[in-house]
Amino acid sequence: MSTPYNRRITAIVLHHMGDGLPPEVPIQRRWNPARYDYPEYDYGIEADGTVRVGRSLNYIGSHTQSDKEPYRSRGTNWWNKHAIGIGLAGDFTKYPMPRAQFNALVALVKQLMTEHQLSLNEVYPHGQVTYTSCPGCTYSKVPALKGLWSYDEFERAVLSNVQIQDAKGNDETVKDLVVYADGDTGAALLLSYKLQCPMVLKDFASNVQAENKHWVGVKGTNGNGNFYYAGSDRIATAKLGL
Numbered sequence: 002m003s004t005p006y007n008r009r010i011t012a013i014v015l016h017h018m019g020d021g022l023p024p025e026v027p028i029q030r031r032w033n034p035a036r037y038d039y040p041e042y043d044y045g046i047e048a049d050g051t052v053r054v055g056r057s058l059n060y061i062g063s064h065t066q067s068d069k070e071p072y073r074s075r076g077t078n079w080w081n082k083h084a085i086g087i088g089l090a091g092d093f094t095k096y097p098m099p100r101a102q103f104n105a106l107v108a109l110v111k112q113l114m115t116e117h118q119l120s121l122n123e124v125y126p127h128g129q130v131t132y133t134s135c136p137g138c139t140y141s142k143v144p145a146l147k148g149l150w151s152y153d154e155f156e157r158a159v160l161s162n163v164q165i166q167d168a169k170g171n172d173e174t175v176k177d178l179v180v181y182a183d184g185d186t187g188a189a190l191l192l193s194y195k196l197q198c199p200m201v202l203k204d205f206a207s208n209v210q211a212e213n214k215h216w217v218g219v220k221g222t223n224g225n226g227n228f229y230y231a232g233s234d235r236i237a238t239a240k241l242g243l
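Under the working numbering, think of the first position of the sequence shown as 2, with each following residue one higher.
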């Protein structure tokens, strides 16, 4: 039985259905194998970009149990209580993601980020919080290999016109913002976690107003609210932000 719960949404977790079937197999034939009252995911996205509503946000989810630190320390069922689960039709370790499905994912995540006042820091591929290959994506800058979709491309698409706004819809000035260059996503994530602040690709840094901007992988002179972290390679850059 599904458990009623007043969920306070503070995160989004992205999944593929990982069932060995191609994206074109309809969601209704592949989700909810345990025959819950509701499907395990809050939303599903078909190959053609159609978004399906699955589990009501008034019930505890059934999509993520973290076994990775530091995420597991939040509690066994924290992710099901506080994170929206999006399930993508397909097994992206075997099949490529259709462009219509990718575009629908970007649009849905943008919509949910606005509705729940989340930043990209609160959007997680399932494999970030749990030891799994889900959602079958690559984190490389290079074009996605066959059977994999690019999480870097997804992040760039989400950030392309996202602005941080307050509850009244006005542009908000945040205290700290991590701005990163292509290839330095890992170092940016570490610094963002340390500072507990949002992060954005440098191409879109002007979209967000911040008192302090921390530039990862970009050379410059510290001052006027700008701080630069650029080492001789990615490892050295990451160490500068620790």
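All C-beta atoms, glycine included, are put in the ideal place defined by N, C-alpha and C.
Any chain B beta carbon closer than 8 Å to residue i
| i | result |
| --- | --- |
| F228 | This model lacks chain B altogether; it includes just one protein chain. |
Backbone secondary structure at residue i - three-state DSSP
| i | result |
| --- | --- |
| R9 | coil |
| M1 | Residue numbering for the chain in the displayed model covers 2 to 243; residue 1 lies beyond these limits and cannot be assessed. |
| T248 | Nothing about residue 248 can be read from this structure; the chain reaches only from 2 to 243. |
| K195 | helix |
| D204 | helix |
| E41 | coil |
| G19 | coil |
| D167 | With a pLDDT of only 47 at D167, under the threshold of 50, the placement of this residue in the model should not be trusted; the figure read from the coordinates follows. Reduced to three states, the DSSP call for D167 is coil. |
| I61 | coil |
| L241 | helix |
| V209 | coil |
| V179 | strand |
| G224 | strand |
| Y247 | Summary: the structure shown does not reach residue 247, with the chain confined to residues 2 through 243, and so no result is reported for it. |
| R235 | helix |
| R53 | strand |
| V217 | strand |
| V26 | coil |
Cβ-based burial, residue i [other Cβ within 10 Å; buried from 16]
| i | result |
| --- | --- |
| L121 | buried |
| A237 | exposed |
| K176 | exposed |
| A35 | exposed |
| E244 | Here the chain has residues from 2 to 243 only, and residue 244 is not among them. |
| R56 | buried |
| P5 | exposed |
| D92 | buried |
| K169 | Note that K169 has pLDDT 48, beneath the 50 cutoff, so the model's placement of it is unreliable and the number below is only indicative. With fewer than 16 Cβ atoms within 10 Å of its Cβ, K169 is classed as exposed. |
| E70 | exposed |
Residue i vs residue j beta-carbon contact at 8 Å
| i | j | result |
| --- | --- | --- |
| F103 | W32 | no |
| K195 | V180 | no |
| V217 | Y230 | yes |
| A158 | V107 | yes |
| A239 | L178 | no |
| V52 | A105 | yes |
| A211 | T186 | no |
### Query
Given 8 Å as the limit, is there contact between the segment 29-46 and the segment 88-96, that is, 3 or more CB pairs closer than that?
Output reads yes: the segment 88-96 touches the segment 29-46.
#### Entry: Whole runs of the alpha helix (DSSP H) within the segment 72-123, excluding any shorter than 4 residues
Runs of the alpha helix (DSSP H) inside the segment 72-123: 79-83 and 100-116.
### Message
Is it the case that the segment 69-85 contacts the segment 128-139, given that we only count it when at least three CB pairs across the two stretches are under 8 Å?
### Response
Of all C-beta pairs linking the segment 128-139 to the segment 69-85, three or more are shorter than 8 Å, placing the two stretches in contact.
### Query
How about the segment 61-73 and the segment 6-14: do they share at least three Cβ pairs that are nearer than 8 Å?
Yes, since at least three Cβ pairs between the segment 61-73 and the segment 6-14 fall closer than 8 Å, the two stretches touch.
### Message
Measuring CB atoms only, is the segment 92-101 touching the segment 112-119, in the sense that at least three cross pairs come out at less than 8 Å?
### Response
Inter-segment contact for the segment 92-101 and the segment 112-119 is absent: fewer than three beta-carbon pairs are separated by less than 8 Å.
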